[in-house]
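Take 0 as the starting number for the sequence shown in numbering that gives the first Met the number 0 and just add one per residue. Beta carbons: idealized from backbone N, C-alpha and C, even for Gly. These numbers come from a predicted model, not from an experiment. Reading through the structure tokens given below for one structure.
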Amino acid sequence: MTSINLALTAISLGAIAALSGIGVLVTYRTNGVLNFAQGGIATLVAYVFREMVVEWGLPIWLAAVLALAVLSPGIGLLLERLVFRPLARRRASAAESLVASLGVLVLTLGMTAGIWGLGSRGDAPSIFPADTVKIGDTRVGVDALAELAMVAVFCIVLGILGAKTKFGRQVRAVVDDRQLAELSGVPADKVAAAGWALGTTMAGLTGILLAPQFRLTPYGLTLLVLETFAVVVAARLASLPVAVLTALGIAVAQSELKQVTLDGDAGTVLTVLQSNLFIVMLLVLLLVVPRLRELGNGDSGSTGSFSSRGAPPSGPVSRDEARRDVLGKLGGAALLMAPMTFAPADLRSAFMVPALALIFLSLVILTGYSGQLSLGVAGYAGLGSLFTLKLANGDLFGLPAVPGIWAMFIGAIMVAPIGLITGWPAIRRRGLVLALTTFAVGAVVSRFVFEQPDFASGLYVDPLELFGAELGDKAFYLFELFCLGLGLLVVRSLHHGRIGRALLAVRDHSEGAAAVGVDVRSLKLLAFTISSAVAGLGGALLTFSASSFSTDDFAPMQSLLWFTAVVVFGADSAAGAIIAAGFIVAIDVLAPAGSSILAVGILALSLGWLPGGLASAVRGGIAWVARVLADEFVPSAHTTHAAANRLARAGGAVPGMAGAAGATRHGAAGSSGTSGSGGSGGGIRIVLPAGAPRPTPLGETLLVAVANHTARSGLTLEMLPSARAGEADSAERQGLAGPRPHLPGVPVERGA
């Protein structure tokens with residue numbers, strides 16, 4: 000009879016998990032987005048519902064109507080219109096949609112933490128009475144029966160809508176090919192909006208039902224909802240009945256485990272398993288289920304859309320490019336050294352920047368360079384910190400105590416084999432499975448290692464010493480910069496040369512890379528291994544900068560926040576990783592708690608309009624300025640006929656063409672003699688419009704760079720429509736004929 004009682008007790012949790020799974024499946028099958036924001040939306044709606052009942056004094060039924068009929072679907076409609084419709088219209092990859100949902104998750108967490116704080120609340124109201132109903136010799140809660148009834152109703156209604164109605168056919172058409180469906184007269188936007196509204200309503204209902212059973216905390220409730228992704232994996236992202244049965248089965252099994260007792264370490268593991276079976280089953284199912292029924296090409300593990308940088312040039316770079324590279328590095332070094340001038344308290348706040356930057360660099364290696372989504376980086380960082388402290392305390396496998404600095408590097412190296420072991424099954428997975436697997440690994444490590452007293456209690460952090468002398472604040476910060484420099488050297492070595500080009504080929508098209516002989520699996524394992532070691536070093540620095548080990552610093556939700564921040568600032572940019580770390584630390588120091596989460600979430604919503612993140616936007620802005628300058632001063636494939644005529648009127652002819660007033664061959668009378676890179680003899684001069692001021696050295700260098708770029712594009716004057724207008728007249732006046740030379744890099748001469 001005890002087993003029956005436990006099984007009936009588990010019905011409520013199983014039904015709630017089933018409702019959450021239904022919401023995820025509805026959103027995915029109607030929009031092709033695996034909605035990681037499900038947990039954040041559920042938490043936000045639960046907090047609003049509690050606010051309306053507890054603080055405002057509204058009746059529970061009225062608050063439930065407002066939360067589930069107004070707020071929840073309203074959130075879905077806003078997300079579809081502002082975030083995911085732009086992605087769908089430009090046919091963004093599944094990876095971009097996944098990261099956009101992570102951005103929404105981070106945004107909702109930031110809003111919740113900013114309004115209500117990070118503390119827990121135990122007074123969340125229930126929408127059902129606390130009465131019980133007797134079934135045989137057992138009493139079952141009314142809430143459990145009501146939740147089970149809702150699951151049955153939703154499954155029946157959704158099944159009928161999908162199989163028997165015009166709306167179901169429209170949904171299938173939109174998911175298969177949105178543009179073709181629109182050409183056939185299907186209102187794709189309305190179908191997608193309906194799917195989002197229903198999915199977020201289910202998320203809100205899940206949050207309201209879970210809150211009374213657990214303490215209401217922003218991170219805790221969100222993670223509980225994300226753990227229910229095990230049911231959608233079992234359903235292979237397709238089957239509602241399988242999702243419902245899996246949810247009930249896992250809940251019942253978790254409840255039945257309470258009857259089992261073991262001694263020693265096995266008992267400790269069993270105790271953890273009794274309350275974390277959903278996340279364990281998520282990892283097990285991801286490793287067992289051969290393949291999910293993903294929509295489209297099912298390759299959300301391909302992150303080429305996050306990146307705007309190709310392989311570095313294989314040949315020597317020009318003097319100007321080398322100069323810009325050196326200046327950029329010197330500027331970055333100056334900014335990183337700036338905290339050395341801060342007051343002691345502000346300098347200690349800056350300790351976290353190099354540590355976080357190293358963790359973010361590990362994501363650049365894994366996502367930006369090898370194209371693999373990693374949502375469990377906090378697990379590797381936490382293991383690096385844990386190994387370091389245990390080595391320094393002499394509490395690791397009976398090994399003697401190791402000085403802190405050496406323990407830090409040894410601990411990071413010890414994380415590398417774990418990255419290799421966990422990466423081996425992960426690289427055999429693709430698409431959404433890869434993202435979910437890394438998340439599940441991080442969550443399991445957090446629950447079974449970081450949160451267990453046997454592993455993470457009694458750890459103390461002593462100040463670092465070097466050659467017997469304790470490192471002060473400034474010396475410790477310099478040591479952090481040294482470690483960051485090592486990480487940057489690793490990133491550079493993986494980005495340049497044959498390995499760098501092979502990794503980028505794997506990132507952009509793994510099948511094509513394999514076809515030309517690239518060992519894709521070995522390269523992915525190499526990226527996993529090196530990335531985990533870099534993250535482990537960053538985690539150790541993070542703990543020493545805070546002078547304590549905290550499980551919250553390496554919680555699974557931190558992985559999602561950090562990954563989103565790296566993608567926002569440029570997944571393939573080492574500089575973007577450092578800027579992202581400085582941004583998060585600065586916001587946390589200058590603004591209330593949770594503000595950095597909110598800021599990253601807001602920036603993440605821009606990914607629909609800024610593919611590749613802020614780094615890509617900056618590069619695109621620079622390229623746009625160069626094109627504008629090229630249109631003004633140098634004929635190019637983008638030069639319009641009007642621009643060519645405008646230049647001809649200003650300077651006598653199109654700059655760079657023979658016959659222009661004031662334009663002469665190199666060495667002719669009136670030459671100013673100035674030259675830039677590549678501006679040696681025989682070139683055609685760039686002539687500024689008459690009356691224009693003499694350019695500054697920086698302006699002259701920029702104009703020469705534009706001319707060099709145009710020359711490298713391989714364009715000839717015959718290929719430029721805007722140049723043909725004045726070509727005949729120019730040739731007639733000066734008797735020139737025949738093909739024009741390619742545009743070289745040339746000096747700049749002021750027009751007559």
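Within the same chain, show all residues whose beta-carbon is closer than 8 Å to that of residue i, passing over the 5 residues directly before and after it, in chain order.
| i | result |
| --- | --- |
| residue 27 | 33, 34, 231, 236 and 294 |
| residue 511 | 504 |
| residue 174 | 28, 29, 30, 31 and 294 |
Compute the distance between the beta-carbons of residue i and residue j, then report whether it is under 7 Å.
| i | j | result |
| --- | --- | --- |
| residue 67 | residue 203 | yes |
| residue 337 | residue 215 | no |
| residue 166 | residue 145 | no |
| residue 51 | residue 43 | no |
| residue 410 | residue 250 | no |
| residue 354 | residue 477 | no |
| residue 424 | residue 291 | no |
| residue 113 | residue 589 | no |
| residue 517 | residue 501 | yes |
| residue 260 | residue 74 | no |
| residue 753 | residue 76 | There is no way to answer for residue 753, as the model of the chain reaches only from 0 to 751. |
| residue 460 | residue 98 | no |
Below 8 Å on the Cβ atoms is my guess for residue i versus residue j; work out the distance and round it to an integer in Å.
| i | j | result |
| --- | --- | --- |
| residue 106 | residue 601 | 6 Å |
| residue 380 | residue 364 | Not quite, the Cβ-Cβ distance comes to about 14 Å (not below 8 Å), so this is no contact. |
| residue 435 | residue 573 | Contact doesn't hold; Cβ gap of about 27 Å is too wide. |
| residue 246 | residue 17 | 4 Å |
| residue 361 | residue 530 | 4 Å |
| residue 494 | residue 368 | 6 Å |
| residue 72 | residue 125 | The pair is not a contact, with the Cβ atoms about 22 Å apart (cut-off 8 Å). |
| residue 585 | residue 356 | Not confirmed; about 13 Å, so no contact. |
Identify, in the order they occur along the chain, each residue of the same chain with its Cβ nearer than 7 Å to the Cβ of residue i, setting aside the five sequence neighbours on each side.
| i | result |
| --- | --- |
| residue 273 | 253, 256 and 257 |
| residue 90 | none |
| residue 343 | 472 |
| residue 544 | 350, 351 and 354 |
| residue 15 | 146, 205, 208 and 209 |
Rank the options by C-alpha distance to the C-alpha of residue i and give the top, closest one.
| i | options | result |
| --- | --- | --- |
| residue 466 | 21, 69 and 403 | 403 |
| residue 38 | 201, 415 and 114 | 201 |
| residue 519 | 435, 434 and 426 | 426 |
| residue 149 | 588, 524, 325 and 10 | 10 |
| residue 412 | 533, 585 and 603 | 533 |
| residue 41 | 113, 220 and 54 | 220 |
| residue 757 | 19, 408 and 268 | The shown model of the chain, from 0 to 751, leaves out residue 757, and the question about it has no answer. |
| residue 136 | 18, 92, 84 and 4 | 4 |
| residue 603 | 29, 78, 102 and 22 | 102 |
| residue 450 | 160, 513, 326 and 551 | 551 |
| residue 181 | 133, 96, 88 and 132 | 88 |
| residue 213 | 329, 382, 45 and 561 | 45 |
| residue 25 | 143, 118, 49 and 153 | 153 |
| residue 80 | 580, 499, 492 and 194 | 194 |
| residue 84 | 132, 188, 61 and 134 | 188 |
Give every residue of the same chain whose Cβ lies closer than 6 Å to the Cβ of residue i, excluding the five residues on either side of it in the sequence, and list them in chain order.
| i | result |
| --- | --- |
| residue 527 | 418 and 422 |
| residue 458 | 388 and 548 |
| residue 441 | 375, 377, 378, 555 and 558 |
| residue 169 | 185 and 190 |
| residue 234 | 241 and 242 |
Would you identify the three-state DSSP class for residue i, choosing helix, strand or coil?
| i | result |
| --- | --- |
| residue 137 | strand |
| residue 468 | strand |
| residue 215 | strand |
| residue 131 | strand |
| residue 120 | strand |
| residue 184 | coil |
| residue 394 | coil |
| residue 170 | helix |
| residue 240 | helix |
| residue 77 | helix |
| residue 126 | coil |
| residue 22 | helix |
| residue 91 | coil |
| residue 290 | coil |
| residue 494 | helix |
| residue 160 | helix |
| residue 252 | helix |
| residue 60 | helix |
| residue 375 | coil |
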